[in-house]
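Below is one structure, written out as structure tokens; the observations come after it.
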Amino acid sequence: MIWFKLGVFGLGVLLGSLLNNFISWWPQREEAGIGPQAVCPHCGHPWQGLETITLWGRLFAEGRCHYCGDHVPLRYILVELATGLLLVLAFSRAKGVLDMIRLFV
6 MIWFKLGVFG LGVLLGSLLN NFISWWPQRE EAGIGPQAVC PHCGHPWQGL
56 ETITLWGRLF AEGRCHYCGD HVPLRYILVE LATGLLLVLA FSRAKGVLDM
106 IRLFV
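Quick note, the sequence shown lines up with residues 6 to 110 if you use my numbering.
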């Protein structure tokens with residue numbers, strides 16, 4: 006059961022990473038050339054692969070951008086952790102997949 010919860014938490018962290026990307030992209034969506042790509046908030050360098058998951062970067066890259074070396078804001082990791090924990094909580098309260106969907110709708 007613990008492996009299932011860890012998997013659900015990992016899925017939540019991935020969803021949190023996508024949510025961070027959307028939150029960062031939304032205010033600049035009307036500017037020319039800006040797309041929904043994860044970038045460093047300091048230097049604007051596009052993040053690739055595991056760099057887009059801030060929790061991973063916090064653990065293995067000391068919370069810094071690989072390109073400019075500046076710290077990534079704490080907001081990013083808090084959104085990912087909260088999304089992961091909320092998804093685990095929702096899955097633990099649900100009695101099945103349909104109940105899970107009902108919790109979110």
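All residues carry an ideal CB built from backbone N, CA and C; glycine is no exception.
Computed from a prediction, not measured in an experiment: that's the story for all the values here.
The alpha helix (DSSP H) enclosing residue i, as first and last residue numbers
i	result
Ala99	No alpha helix (DSSP H) holds Ala99; DSSP gives it neither H nor E.
Identity of the residue in the options nearest residue i by Cα
i	options	result
Leu11	Ala43, Leu86, Ile106 and Gly101	Leu86
Ser29	Phe14, Cys45, Gly15 and Val18	Cys45
Val13	Cys48, Val93, Leu103 and Arg98	Val93
Three-state secondary structure assigned by DSSP to residue i
i	result
Val44	strand
C-alpha distance - residue i paired with residue j, whole-angstrom precision
i	j	result
Leu60	Cys70	12 Å
Val84	Leu20	10 Å
Tyr81	Phe65	15 Å
Ala100	Gly89	The question names Ala, but residue 100 in the sequence shown is Lys. The straight-line gap from Cα to Cα measures roughly 19 Å.
Gly17	Leu91	8 Å
His76	Gly68	6 Å
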